[in-house]
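A.B. asks: Under our numbering, the first residue of the sequence shown carries the number 471, and numbering increases by one thereafter.
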Amino acid sequence: MIQPRPLHGRHAVVTGASRGIGAAIARRLAELGASLSLVARDRERLEQRREELVALGAAAEVVPADVTVPEDVERAFDRARRVHGPVQVLVNNAGAADSSAFHRTALEQWDRMLATNLTSTFLCTRQVVEEMVKAGWGRVVNVASTAGLRGYPYSAAYCAAKHGVVGLTRALAVELARTGVTVNAVCPGFVDTDLFREAVERVVRTTGRSAESAQEELVRYNPQGRLVRPEEVADAVAWLCLPGSASVTGQCLVVAGGEVM
Numbered sequence: 471m472i473q474p475r476p477l478h479g480r481h482a483v484v485t486g487a488s489r490g491i492g493a494a495i496a497r498r499l500a501e502l503g504a505s506l507s508l509v510a511r512d513r514e515r516l517e518q519r520r521e522e523l524v525a526l527g528a529a530a531e532v533v534p535a536d537v538t539v540p541e542d543v544e545r546a547f548d549r550a551r552r553v554h555g556p557v558q559v560l561v562n563n564a565g566a567a568d569s570s571a572f573h574r575t576a577l578e579q580w581d582r583m584l585a586t587n588l589t590s591t592f593l594c595t596r597q598v599v600e601e602m603v604k605a606g607w608g609r610v611v612n613v614a615s616t617a618g619l620r621g622y623p624y625s626a627a628y629c630a631a632k633h634g635v636v637g638l639t640r641a642l643a644v645e646l647a648r649t650g651v652t653v654n655a656v657c658p659g660f661v662d663t664d665l666f667r668e669a670v671e672r673v674v675r676t677t678g679r680s681a682e683s684a685q686e687e688l689v690r691y692n693p694q695g696r697l698v699r700p701e702e703v704a705d706a707v708a709w710l711c712l713p714g715s716a717s718v719t720g721q722c723l724v725v726a727g728g729e730v731m
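1) So, using beta-carbon positions, are Leu697 and Val707 closer together than 8 Å?
2) Does the region 522-540 come into contact with the region 576-590, if we say contact requires no fewer than three beta-carbon pairs (one atom in each stretch) closer than 8 Å?
3) Is the region 559-573 close to the region 620-630, with three or more CB pairs under 8 Å?
4) I'd like to confirm the pairing. Which residues does DSSP put opposite Val661 in its beta bridges?
5) What is the C-beta distance between Ala614 and Val644, in whole angstroms, given that I count them as a contact (C-beta under 8 Å)?
6) Between which two residues does the beta strand (DSSP E) containing His481 stretch?
7) In terms of residues, what are the limits of the alpha helix (DSSP H) holding Ala585?
8) What residue does the beta strand (DSSP E) around Pro534 start on, and which one ends it?
9) Any idea what DSSP makes of Thr676, helix, strand or coil?
10) If you draw a straight line from the alpha carbon of Trp709 to that of Leu499, how long is it in whole angstroms?
11) For a quick check, are the C-beta atoms of Leu508 and Arg519 less than 8 Å apart?
12) Report the three-state DSSP secondary structure of Leu619 (helix, strand or coil).
13) Taking contact to mean at least 3 C-beta pairs separated by less than 8 Å, is the region 475-482 in contact with the region 670-687?
14) Considering only the alpha carbon of each residue, which of Val598, Ala726 and Thr616 lies closest to Leu560?
15) Taking just the CA atoms, how far does Arg609 sit from Gly695?
16) Can you tell me which of Glu531, Glu514, Leu619 and Ala494 puts its alpha carbon nearest to the alpha carbon of Asn563?
17) For Gly486 versus Gly565, is the C-beta distance shorter than 8 Å?
18) If distances are taken between C-alpha atoms only, which option among Glu671, Val651 and Leu577 comes closest to Gly720?
19) Taking 8 Å as the cut-off, decide whether the C-beta atoms of Val725 and Glu701 are in contact.
20) Residue range of the beta strand (DSSP E) that Leu516 falls in?
21) What would DSSP say about Thr719, mapped onto helix, strand or coil?
22) Have a look at Gly606 and Val673 and give me their C-alpha separation to the nearest angstrom.
23) Please classify Ser488 as buried or exposed, where buried requires at least 16 neighbouring CB atoms within 10 angstroms.
24) With DSSP as the reference, label Ser683 as helix, strand or coil.
25) Can you have a look at Pro658 and say buried or exposed, based on whether 16 or more other CB atoms are within 10 angstroms of its CB?
Take a look at the structure:
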């Protein structure tokens, strides 16, 4: 007998879905049977991701939005519900990284890191919690970072924001523990994405070092001596979305080759 895919009939919203980790997560959830609402600012890239998912036989909707803007978030989730119905799975993946010495970190940079990485998670999660609790089932997965569990030099604003995501994850997990809704975080190390390459470029610009030298230094954080692949992060996220992960909540699943134990 052919077994149904475990997320068949579930509506999943993935933010930051236009590229990198977010695109890999959307693809994995689609393979598990979920209907997807793809959220990001770049409509053109979202359309490309949608076409890829439709080619797999998935139902996918493009929902352009800036998840740091409350009105945008509200409109995005309203549109997602109109197409696919109530949200059962939310993956808060939208984020950005920036680096500078602490004494050179401008307030604007600090605010932007908090808004993009932490406040966006709050705004999107607030949109779905009530309906998940009412349904008695839901999965919220926040893509944090090893920067949410440890410190990195020249990354105070980013680390503060990701530590905030981890704290929010743990607090909400306890609050919702008896509702059928789980809240977890996945904490990747350095991942082979455009975001990583942009980080390398910033190091090159600020230090004058070669790109090869900058990349080697960052890769050394991983005891396996390599970058994490987006698909590895996506697999971790997907497992936390499955019905069988019901007893796992408030956890930070580290995908970093042993960097954080």
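Quick reminder that beta carbons are idealized off the backbone N, C-alpha and C, glycines included.
C.D. replies: The answer reads as follows:
1) As a position in the sequence shown, residue 697 is number 227, starting the count at 1. As a position in the sequence shown, residue 707 is number 237, starting the count at 1. No; because the gap between Cβ atoms is not below 8 Å, this pair is not in contact.
2) yes
3) yes
4) Taking the first residue of the sequence shown as 1, we reach residue 661 at position 191. For Val661, which the question treats as bridged, DSSP gives the partners Val698.
5) The residue you call residue 614 lines up with position 144 of the sequence shown. The residue you call residue 644 lines up with position 174 of the sequence shown. At roughly 17 Å, the Cβ-Cβ gap does not stay under 8 Å, so Ala614 and Val644 are not in contact.
6) Here residue 481 refers to the residue found at position 11 when the sequence shown is read from its first residue. First-last of the beta strand (DSSP E) with His481: His481 to Thr485.
7) For the purposes of this step, residue 585 is taken as the residue at position 115 of the sequence shown. First-last for Ala585: undefined, no H or E at that position.
8) Sequence index remark: in the sequence shown, residue 534 carries index 64 (1-based). Segment Ala530 to Pro534, the beta strand (DSSP E) holding Pro534.
9) Position 206 of the sequence shown, counted from the first residue, corresponds to residue 676. In the structure shown, Thr676 sits in a helix (DSSP, three-state: H, G or I).
10) Translated into the one-based positions of the sequence shown, residue 709 becomes position 239. Translated into the one-based positions of the sequence shown, residue 499 becomes position 29. Taking the straight line from one Cα to the other gives about 10 Å.
11) In the sequence shown, counting from the first residue as 1, residue 508 sits at position 38. In the sequence shown, counting from the first residue as 1, residue 519 sits at position 49. Yes, Cβ-Cβ distance for Leu508 and Arg519 is below 8 Å.
12) Working through the sequence shown from its first residue, we reach residue 619 at position 149. Of the three classes helix, strand and coil, the one that applies to Leu619 here is coil, per DSSP.
13) no
14) Stepping through the sequence shown from its first residue, residue 560 is reached at position 90. With distances taken between CA atoms, Leu560 lies nearest to Val598 out of Val598, Ala726 and Thr616.
15) The sequence position of residue 695 within the sequence shown is 225, counting from 1. The sequence position of residue 609 within the sequence shown is 139, counting from 1. Their Cα atoms are separated by approximately 32 Å.
16) Position 93 of the sequence shown holds residue 563. Closest by alpha carbon: Ala494.
17) Along the sequence shown, read from residue 1 onward, the residue named residue 486 stands at position 16. Along the sequence shown, read from residue 1 onward, the residue named residue 565 stands at position 95. The answer is yes: Cβ separation under 8 Å.
18) Residue numbering aside, residue 720 sits at position 250 when the sequence shown is read from its first letter. Cα-wise, what sits closest to Gly720 is Val651.
19) Here residue 725 is taken as the residue at index 255 of the sequence shown, counted from 1. Here residue 701 is taken as the residue at index 231 of the sequence shown, counted from 1. No, these two residues do not count as a Cβ contact at 8 Å.
20) Within the sequence shown, residue 516 is the residue found at index 46, counting from 1. First-last for Leu516: Arg513 to Ala525, but that is the alpha helix (DSSP H), not the beta strand (DSSP E).
21) For the purposes of this step, residue 719 is taken as residue 249 along the sequence shown, with counting starting at 1. Looking at Thr719 - three-state DSSP - the assignment turns out to be coil, as it is neither helix nor strand.
22) Reading the sequence shown from its first residue, position 136 is the one you call residue 606. Reading the sequence shown from its first residue, position 203 is the one you call residue 673. One C-alpha to the other measures close to 47 Å.
23) Indexing the sequence shown from 1 puts residue 488 at position 18. So Ser488 ends up on the buried side.
24) For the purposes of this step, residue 683 is identified with residue 213 of the sequence shown, where counting begins at 1. The answer is helix: DSSP assigns Ser683 an H, G or I state.
25) For this step, residue 658 is matched to residue 188 along the sequence shown. Answer is buried; the Cβ neighbour count reaches 16.
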